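Enquirer:
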Amino acid sequence: LCRITNSSDCNDKFQVTVHPLVLLSVVDHFNRVSKTQSVKRVVGVLLGSMKKDRTLDIGNSFAVPFDEDEKDKSTWFLDMDYLESMYSMFHKVAAKEKIVGWYHTGPKLHKVFIYPSFMR
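Counting from 1, one number per residue, gives the positions in the sequence shown under the UniProt record's numbering.
#1: Span of the beta strand (DSSP E) holding Ser49?
#2: Identify the continuous beta strand (DSSP E) that holds Glu68 and give its terminal residues.
#3: What are the start and end residues of the beta strand (DSSP E) that includes His104?
#4: Expressed to the nearest angstrom, what Euclidean distance is found between the alpha-carbon atoms of residue 136 and Asn60?
#5: Which residue wins for smallest C-alpha separation from Asn31, given the options Ala63, Lys92, Ala95, Asp53?
#6: Would you mind stating whether Leu47 and Val93 have Cβ atoms separated by less than 8 Å?
#7: Pull the bridge partners of Phe62 from the DSSP assignment, please.
#8: Can you tell me the Cα-Cα spacing of Val16 and Ala95, whole angstroms?
#9: Would you decide whether Val26 is buried or exposed? Buried here means 16 or more other CB atoms lie within 10 Å of its CB.
#10: Measure from the alpha carbon of Leu56 to the alpha carbon of each residue in Leu78, Met89, Val18, then state which is nearest.
#11: Please identify the residue among Asp79, Gly44, Lys35, Lys13 whose C-alpha is closest to the C-alpha of Lys52.
#12: Please report the residue range of the beta strand (DSSP E) in which Phe77 lies.
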């Protein structure tokens with residue numbers, strides 16, 4: 001949050017609004033992938049902006065190609081080129097929306113491992 005608001009006080013309270021389109025997109029992403037592959041996890045990006053009333057408004061999202069090693073589930077791969085390309089296209093359409101977070105379905109993908117990839 002500090003990164004989005006440029007605030008030095010990361011403990012400030014705020015409200016989060018997630019638009020229905022985002023929820024539907026996440027569910028659709030999981031359904032599409034799980035029907036064609038034996039995958040229990042999908043990953044994507046959340047886009048939004050901080051409003052003046054301290055509401056984080058999450059209005060869009062997109063899927064990011066994700067794969068994990070069948071033998072070692074702690075080894076996974078994100079297509080960062082795809083992520084950067086998609087974000088660039090979204091940014092042209094909605095310049096105020098920034099990457100505000102990420103989503104994943106399934107177990108054992110901890111933020112400590114994935115956060116640095118998304119926020120670089």
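By construction, the Cβ of each residue, glycine as well, lies at the ideal position given by its N, Cα and C atoms. Keep in mind that this is a model prediction, so the values were computed, not measured.
Expert: Quick look at the numbers:
#1: Position 49 of the sequence shown holds residue 49. Element bounds for Ser49: 43-50.
#2: As a working mapping, residue 68 is identified with position 68 in the sequence shown. Residues 66-68.
#3: As a working mapping, residue 104 is identified with position 104 in the sequence shown. Counting along the chain, the beta strand (DSSP E) containing His104 begins and ends at 98-104.
#4: The first residue shown for the chain is 1 and the last is 120, placing residue 136 beyond what the model contains.
#5: Working through the sequence shown from its first residue, we reach residue 31 at position 31. Checking every option, the nearest Cα to that of Asn31 belongs to Ala63.
#6: For the purposes of this step, residue 47 is identified with residue 47 of the sequence shown, where counting begins at 1. For the purposes of this step, residue 93 is identified with residue 93 of the sequence shown, where counting begins at 1. No. Outside cutoff.
#7: Numbered from its first residue, the sequence shown carries residue 62 at position 62. Partner(s): Val45.
#8: Position 16 of the sequence shown, counted from the start, is the residue given in the question as residue 16. Position 95 of the sequence shown, counted from the start, is the residue given in the question as residue 95. The straight-line gap from Cα to Cα measures roughly 20 Å.
#9: Residue mapping note: residue 26 aligns to position 26 of the sequence shown, counting from 1. When all chains shown are included, Val26 counts as buried.
#10: As a first step, residue 56 is located in the sequence shown; it is residue number 56 there, counting from the start. The shortest C-alpha separation from Leu56 is found at Val18.
#11: The sequence position of residue 52 within the sequence shown is 52, counting from 1. When each option's Cα is compared against that of Lys52, the closest is Lys13.
#12: By one-based count along the sequence shown, residue 77 stands at place 77. Residues 76-78.
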